[in-house]
Structure formats: C-alpha cells, structure tokens
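One structure below.
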C-alpha cells in the first residue's frame with residue numbers, strides 16, 4: 001500500500017481571497033515578512049497495490065476530472081514514500 | 001524570495017468526512033483501488049529574505065498558532081525550491 005498525494009492549488013492568475021485573508025492577518029498577529037499566501041487543498045490517497053505508471057495515469061485522470069477544477073486550479077500528483085508515516 | 005509550504009492534515013484519529021465522501025464517490029465514478037482518502041489544506045507562503053533557521057522557527061510558530069488547529073490537526077513545514085515554479 002502506497003500513499004499518493006494530489007495537491008490542488010488555484011492557478012496563479014486566479015484571485016485567492018482565502019490566502020489573502022491569511023496574508024493580511026499575519027502582521028496583525030505579529031508575523032512579518034510573508035509577502036503572499038495561497039491556500040489550496042491536499043488529498044492523501046491510499047492506493048491498493050503497486051503505484052506503477054498505469055496507476056499513476058489513473059490517479060492523474062481522477063485528479064483532472066474530479067479532484068481539481070482545471071478551469072481555475074492546477075494540480076500536482078506525487079508519490080510519497082509509504083514508510084514516511086510520522087507527521088509534524 | 002523563497003516559498004515555504006505548510007501542509008495541514010487532520011490527525012489520523014480524527015474522522016475526516018470530506019475525505020470519506022471523496023473516497024466513497026470514486027468507485028461510482030469508475031476509479032477503483034483507492035482504499036482511503038484524507039483531505040487537508042496546503043498553504044504556500046512567499047517569504048521575504050532568506051529562509052534560515054530563524055525564519056523557519058517563526059513559520060513553525062505561525063503554523064502552530066494560526067494555520068493549524070493542533071488539537072485536531074498535524075502540520076508539516078517544508079521549504080520548496082523557489083526555482084520550481086511550474087506546476088501541473
């Protein structure tokens with residue numbers, strides 16, 4: 001079993017009010033030096049069986065048709081080492 | 001200017017209805033072989049100046065106090081190569 005990550009972000013030319021809200025809040029909260037924030041989505045998929053080219057092609061198609069709205073969003077598919085389970 | 005990414009995911013023991021909805025929809029849409037989906041948030045921060053240990057410590061604190069709810073969420077701070085701009 002392997003983990004595949006799909007990161008979905010708004011395209012650079014699309015306004016991101018969520019990210020802007022975060023960016024404008026940071027100085028008020030005492031954090032300087034962040035000039036831009038973009039907020040997107042991260043999907044972690046647990047894949048049964050091997051993550052070969054066919055599986056990746058299927059996941060790419062899934063991301064394109066279902067996880068991302070490709071009119072306004074870009075996505076990246078990444079295979080994550082399944083042994084790296086510890087987060088934080 | 002460098003890009004720092006903060007990934008925020010629900011802790012493994014916290015129920016993720018969003019991810020479950022995605023996971024249950026996939027077979028209906030013709031995608032088999034995905035046993036679990038977790039959905040989280042991805043923040044891309046553009047940092048002014050160098051991303052040294054002090055800046056990373058500040059971003060870590062920011063993520064802990066503001067971007068993530070550490071009662072129910074884990075987060076990971078990653079420095080992304082600023083030359084890798086092309087997505088998709």
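Chains as they are written, first to last, in this note's numbering: chain A, 1 to 88; chain B, 1 to 88. No residue lacks a Cβ here, since even glycine has one placed at the ideal position from N, Cα and C. Please read all numbers here as calculations on a predicted model, not as lab measurements.
**Asked** When Cβ atoms are compared, which residues of the region 8 to 27 of chain B fall closer than 9 angstroms to chain A?
**Response** 8, 9, 11, 12, 19, 22, 23, 25, 26
**Message:** Suppose contacts are defined by Cβ-Cβ distances below 8 angstroms. Is residue 47 of chain A in contact with residue 76 of chain A by that definition?
**Reply:** For residue 47 of chain A and residue 76 of chain A, no; Cβs fall outside 8 angstroms.
**Prompt:** Can you find a CB in chain B that lies within less than 8 angstroms of the CB of residue 91 of chain A?
**Reply:** The displayed coordinates of chain A run from 1 to 88. Any statement about residue 91 of chain A would go beyond what the structure contains.
**Request:** For residue 22 of chain A, count neighbouring Cβ atoms within 10 angstroms of its own Cβ and tell me buried if that reaches 16, exposed if not.
**Result:** buried
**Message:** Please report the straight-line C-alpha distance between residue 60 of chain B and residue 64 of chain A, rounded to a whole angstrom.
**Reply:** Looking at the two C-alpha atoms, the distance is approximately 32 angstroms.
**Prompt:** Among A:2, A:20, A:11, which residue has its Cα nearest to the Cα of residue 73 of chain A?
**Reply:** A:11
**Cβ distance (whole Å) where residue 67 of chain B is taken to contact residue 6 of chain B below 8 angstroms** = Between residue 67 of chain B and residue 6 of chain B the beta-carbon gap is near 5 angstroms, inside 8 angstroms, which marks them as a contact.
**Asked** Taking the alpha-carbon positions, what's the residue 27 of chain B to residue 33 of chain A distance?
**Response** So the alpha carbons of these two residues sit roughly 45 angstroms apart.
**Request:** Within the same chain, show all residues whose beta-carbon is closer than 6 angstroms to that of residue 78 of chain A, passing over the 5 residues directly before and after it, in chain order.
**Result:** Contacts found: 5.
**Request:** With a threshold of 16 other CB atoms inside 10 Å of the CB of residue 38 of chain A, please say whether the residue is buried or exposed.
**Result:** buried
**Message:** Using the Cβ count rule (16 or more neighbours within 10 Å means buried), how would you classify residue 8 of chain A?
**Reply:** Residue burial is scored here from C-beta neighbours: residue 8 of chain A has at least 16 other C-beta atoms within 10 angstroms and is therefore classed as buried.
**Request:** Going by DSSP, name the residue or residues bridged to residue 28 of chain A.
**Result:** None; residue 28 of chain A has no bridge partner.
**Asked** Using a Cβ cut-off of 8 angstroms, which residues of the region 28 to 40 of chain B contact any Cβ in chain A, in chain order?
**Response** So the list reads 29, 31, 33, 34, 35, 36, 37, 38, 39, 40, given in the order they occur along the chain.
**Asked** Using CA coordinates, which residue listed in A:44, A:70, A:15, A:62 is at the minimum distance from residue 1 of chain A?
**Response** Comparing Cα-Cα distances from residue 1 of chain A to each of A:44, A:70, A:15, A:62, the minimum goes to A:44.
**Request:** Quick one: list the residues of chain A neighbouring residue 44 of chain B, beta-carbon separation under 9 angstroms, in chain order.
**Result:** 9, 19, 36, 37, 38, 39, 40
**Request:** With DSSP collapsed to three states, give me the class of residue 7 of chain A.
**Result:** strand
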